[in-house]
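Asks: Sharing a structure with you now.
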Amino acid sequence: MKKRVHFFLLIILLLTFGRINVSLGAKDAISIYYYDRPPYRIKVSEEEASGILIEITTLIFQKAGIRYNFHERPFKRVMKELRGDVLGCFPGVLKTPEREKLYVYSKPIFKNYPLAIVINKKVRGKLSNYPTFKELLTSKLFMGVVDGYSYGSWYDAKIKEYNPKVGTISYAKDSGITKAQNNVIMVAKNHVDYILMSPIEILWILKNHKFIEQKVDILKIKDAPRGNLRYLIFSKAVGEEIVDKVNAVIDKVITSKEYDRIISKYR
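To get the numbering used here, take the position in the sequence shown, counting from 1, and add 402.
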């Protein structure tokens, strides 16, 4: 009888330690999820990625001693998978109250420039040279939006308040261009009148697609708030230990020369 009890205890111990070992092994590498959106996130190959937010994230992980790998996913799928038990993160996400309930946020890793307006030149004259956000949203111009995308709490609240004419921009995965490039092309082709976009992203697209420059203008928003802060979000399965390691090095990383070199490379 005693032998049988000891045998079952041994089995339980082996199963317990087996689970612990599997868990620790899984935590050796964190999956960095991304989708191709130059210059923030750029697919290099199936195993490699670059871009401002990717390179900042890998620098942080290297300083924190965390192993990582890359997984390309569409935005909606990333946000869905990170609500599960995957050991993953997504770099450069804006903070909203709804998302804070679903994911674990790091300290901020990047600050955007204020959003700008990409507008078709044919309707450019319907706005002043330096419009307020209210002027833009009440202009009766047609705003292009991406389903499920947040511009940040201030912009989202104003869009909800003034309820402009909007059209959801569709995107074909096999088109050979990124979603951001597609959005600007939709403005250039007059499918929508304007979109909102970060200046650093606009300049990257215009630099690599000269024909678009002849079709669109870039306008600053007079009362735009300071640029949005961007964060790393983690699945809750990652655990506090990893997130604490990341947060412990972020302040040093964002004031380092290595960080400055990353930003300068994509300006």
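Every residue gets a Cβ at the ideal spot worked out from N, C-alpha and C, and that includes glycine.
#1: Quick one, are the C-beta atoms of Leu517 and Ile623 less than 8 Å apart?
#2: Considering Lys459, what are the terminal residues of the alpha helix (DSSP H) in which it resides?
#3: Report buried or exposed for Val446, applying the criterion of at least 16 other Cβ atoms within 10 angstroms of its Cβ.
#4: What separation, rounded to the nearest whole angstrom, lies between the Cα atoms of Met588 and Ala650?
#5: Bridge partners for Lys445 per DSSP, in chain order?
#6: How big is the Cα-Cα spacing for Gly554 and Pro627?
#7: Are Tyr442 and Glu474 closer than 8 Å when you measure CB to CB?
#8: Got a sec? Which residues, its chain only, sit under 7 Å from Gln583 by beta carbon, not counting five neighbours each side?
#9: Ordered along the chain, which non-local residues of its own chain (more than five positions away) have a Cβ less than 6 Å from that of Pro493?
#10: Unbroken alpha helix (DSSP H) runs of length 4 or more, entirely within the stretch 561 to 602: which are they?
#11: Can you list, in chain order, the residues of its chain whose CB lies under 7 Å from that of Asp672, leaving out five sequence neighbours each side?
#12: If you count every other CB in all the chains shown that lies within 10 Å of the CB of Ala451, and 16 or more means buried, which is it?
#13: Which one of Arg669, Ile665, Leu631 has the shortest CA to CA distance from Lys497?
#14: Give me the Cα-Cα distance between Lys654 and Ala466, rounded to the nearest whole angstrom.
#15: Identify which residue in Tyr515, Ser577, Phe636, Lys609 has its Cα closest to the Cα of Leu598.
#16: In chain order, what residues of the same chain have a beta carbon less than 7 Å from the beta carbon of Lys478, not counting five sequence neighbours either side?
#17: By a C-beta neighbour count over all protein chains shown, 10 Å radius and 16 as the cutoff for buried, is Thr657 buried or exposed?
#18: Tell me which residue opens and which closes the beta strand (DSSP E) that Ile652 is part of.
#19: Can the beta-carbon of Thr540 be found less than 8 Å from the beta-carbon of Tyr557?
#20: Let's see if you can read the secondary structure: which residues bound the beta strand (DSSP E) around Asp662?
#21: With Ile432 and Ile468 assumed to form a contact (beta carbons below 8 Å), what rounded beta-carbon distance in angstroms separates them?
#22: Tell me whether Lys638 sits in a helix, a strand or coil according to DSSP, three-state version.
Replies: This is what the structure holds:
#1: Against a cut-off of 8 Å, the Cβ pair of Ile623 and Leu517 comes out as a contact.
#2: A small fix is needed here, since residue 459 is Thr in this sequence, not Lys. From DSSP, the alpha helix (DSSP H) with Thr459 extends over 454 to 466.
#3: exposed
#4: Near 42 Å, if we compare the C-alpha coordinates of Ala650 and Met588.
#5: The partner list for Lys445 (beta bridge, DSSP) reads Ala451.
#6: 10 Å
#7: For Tyr442 and Glu474, no; Cβs fall outside 8 Å.
#8: Closer than 7 Å at Cβ, skipping near neighbours: Ile607, His611.
#9: Leu455, Thr459, Leu634
#10: Whole alpha helix (DSSP H) segments, 4+ residues: 581 to 590.
#11: Only positions 403 to 669 of the chain appear in this structure, which leaves residue 672 out of reach.
#12: buried
#13: Leu631
#14: 11 Å
#15: Taking only the C-alpha atoms, the option nearest Leu598 is Tyr515.
#16: Gly550
#17: exposed
#18: No beta strand (DSSP E) holds Ile652; the alpha helix (DSSP H) holding it covers 642 to 656.
#19: no
#20: From DSSP, Asp662 is part of no beta strand (DSSP E) but of the alpha helix (DSSP H) over 659 to 667.
#21: 6 Å
#22: In this structure, Lys638 counts as helix in the three-state DSSP scheme.
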